[in-house]
Amino acid sequence: MTSSHRQLACVNYHVAEVCPLADVELLPARLMLDKEHPTPPYDMHYDENTYICGTINGHAVVVATYSLGETGNVNARRLIGFIFKTSYIRIAVLISIRGRVPYLTLSKNLLNNIYLSNVVVR
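What follows is the structure in structure tokens.
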């Protein structure tokens, strides 16, 4: 991931990655970004979620997570509601550690422990 000062408008982002557990899932989601952009201005009234903007393979992506310490279905619905109501997002994918395929040996380098089989699409 490389930082970039290029700021896109909200209308340019069409994909959202939702990370319910900020302390665990946000870092891997950020590492998937090719470039990170400053978050464009948006209406933050009643929205305490965290948004990180960037690109993956040329696609403008918003990585979204709850406020620290919040979990559960109600907060997930609130986060998705904010994303779809206030932006031009067309698809949202859930980044989750819950459905991992087990392996017998793991590397100490966390980046070596990410495999294609870890990606589950439902």
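Each residue of the sequence shown is one higher than the last, beginning at 2 in the numbering used here. Beta carbons are placed, not taken as given, at the ideal position from N, Cα and C, and that holds for glycine. These numbers come from a predicted model, not from an experiment.
Have a look at Thr56, Pro21, Cys11 and Tyr52 and flag the residue whose alpha-carbon is nearest the alpha-carbon of Glu37. Thr56
Tell me, please, which residues DSSP counts as bridged to Thr66. Cys20 and Thr51
Contacts around Ile84, its chain only, beta-carbon distance under 8 Å, and the 5 residues preceding and following it disregarded: Ala17, Val19, Val63, Ala65, Ile90 and Ala93
By the 10 Å Cβ neighbour count, where 16 or more other Cβ atoms means buried, how is Glu26 classified, buried or exposed? buried
Under the assumption that Leu9 contacts Ala77 (Cβ atoms under 8 Å), give the Cβ distance between them as a whole number of angstroms. At roughly 25 Å, the Cβ-Cβ gap does not stay under 8 Å, so Leu9 and Ala77 are not in contact.
Go through its chain and collect everything with a Cβ distance to Pro39's Cβ below 6 Å, but skip five positions before and after it. Gln8
Identify whether Ala10 lies in helix, strand or coil by the three-state DSSP scheme. coil
For Tyr47, count the other beta carbons within 10 Å of its own beta carbon; 16 or more makes it buried, fewer makes it exposed. Which is it? exposed
Same chain, Cβ closer than 7 Å to Asn50, five either side skipped, listed in chain order: Ala65, Thr66, Tyr67, Ser68, Leu80 and Phe83
Between Val75 and Leu22, what straight-line distance do the alpha-carbon atoms span, to the nearest angstrom? 14 Å
Do you know how far the Cα of Asn13 is from the Cα of Ser108? 37 Å
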